[in-house]
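I have placed the structure first, in the form of structure tokens, so that the comments after it can refer back to it.
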Amino acid sequence: MLLPVNIAHTVEGSTNPSIKMFSFNLSSQKWQNRVLLVFAPSVDNRNYQQQMKLFDQHQNGFTDRDLVLVQVLATGKSYANGLPIDEPSAANLRNRFGIDKENFRVILVGKDGGVKRQDSTPVQATAIFDQIDAMPMRQQEMHERGRK
């Protein structure tokens, strides 16, 4: 299981070019984490770069909301919480959501596995957080965590 987010463009602390790739399966996150998928052609894509800048200042917000960030790139390595995922996993995600390799898309998947929002342009982290915070499951989490 992945822990909520580490918004890294590379694996932190790793200088080893033979980094172990792992497979990422959306169903393994169900009822554990929310998943925010960012699809882009490459790291050079302007929308992708803008989106990552919008997320960079919100590390704690991702962690607080059990949100796993998955960057699915058509060219280059794809990542889940800063860890490289293998190409079959990236291809499966692209196929599952019908995203062409040249398209940019941001998709929020809830803990129940359902798609909660889709954006075709960069979106503010706070807009995603506000939407998550309005969800009944998140309301319950905030209530429970507030008591601890």
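FYI, the numbering for the sequence shown is 706 to 853, going by the working numbering.
For every residue, glycine included, the Cβ atom is placed at its ideal position computed from N, Cα and C.
- prompt: Can you give the Cα-Cα distance for LYS806 and GLN776, rounded to whole angstroms?
  reply: Locating residue 806 in the sequence shown gives position 101, counting from the first residue. Locating residue 776 in the sequence shown gives position 71, counting from the first residue. Rounded to the nearest angstrom, the two C-alpha atoms are 13 Å apart.
query: Applying the criterion that 16 or more other CB atoms from any shown protein chain within 10 Å of the CB defines a buried residue, is LYS816 buried or exposed?
result: As a first step, residue 816 must be located in the sequence shown, where it is residue number 111. When all chains shown are included, LYS816 counts as buried.
- request: Report yes if the CB atom of ASN738 is closer than 8 Å to the CB atom of ASP771, and no otherwise.
  value: The count along the sequence shown starts at 1 and reaches residue 738 at position 33. The count along the sequence shown starts at 1 and reaches residue 771 at position 66. Contact flag set, yes.
query: Is the distance from the Cβ of ILE790 to the Cβ of LEU813 below 8 Å?
result: On the sequence shown, residue 790 is found 85 positions in, with the first residue counted as 1. On the sequence shown, residue 813 is found 108 positions in, with the first residue counted as 1. No, the Cβ-Cβ distance between ILE790 and LEU813 is not below 8 Å.
task: State the DSSP-derived secondary structure class of GLN829, mapped to helix, strand or coil.
output: Working through the sequence shown from its first residue, we reach residue 829 at position 124. Residue state, collapsed to three classes: coil.
- prompt: Looking at the structure shown, is ARG770 part of a helix, part of a strand, or coil, going by DSSP?
  reply: One-based indexing of the sequence shown puts residue 770 at position 65. DSSP, read as helix, strand or coil, puts ARG770 in coil.
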